[in-house]
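Under this note's numbering, read the sequence shown as residues 7 to 86, first letter to last. Quick reminder that beta carbons are idealized off the backbone N, C-alpha and C, glycines included.
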Amino acid sequence: MHPHLHSAYNSGCQEAMEALEACHARGFLWKSMGMCNDAKTELDKCLRAQRRQHQTANRDGNADKKARIRQLWKEIDENS
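Right under this line is the structure:
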């Protein structure tokens, strides 16, 4: 697996990552015959769901930051 997948950022998908690694450890023919596709699909679904959660949290945080910045600029304009 890629090192960036084994981070606290993706800790919710640890089981899916381990399942895919175990499947890949069975050998090249096992992977090349598509026997790991189900594990890969499950990992993709898990990572996609986590990415969406992070995106939503970031989007909500950015809205708060933008509102605060607008308020600060409004105060600066009023005091000028």
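{"Item": "As a quick exercise: from G18, R65 and D44, pick the residue whose alpha carbon is nearest that of H30.", "Value": "D44"}
{"Item": "Among L78, T62, E21 and N68, which one has its Cα closest to the Cα of D50?", "Value": "E21"}
{"Item": "Measuring only the C-alpha atoms, how far is R54 from N68?", "Value": "21 Å"}
{"Item": "Going by C-alpha to C-alpha distance, which of W79, I75 and C42 sits closest to M23?", "Value": "C42"}
{"Item": "Give the secondary structure of R32 by DSSP, where H, G and I count as helix, E and B as strand, and everything else as coil.", "Value": "coil"}
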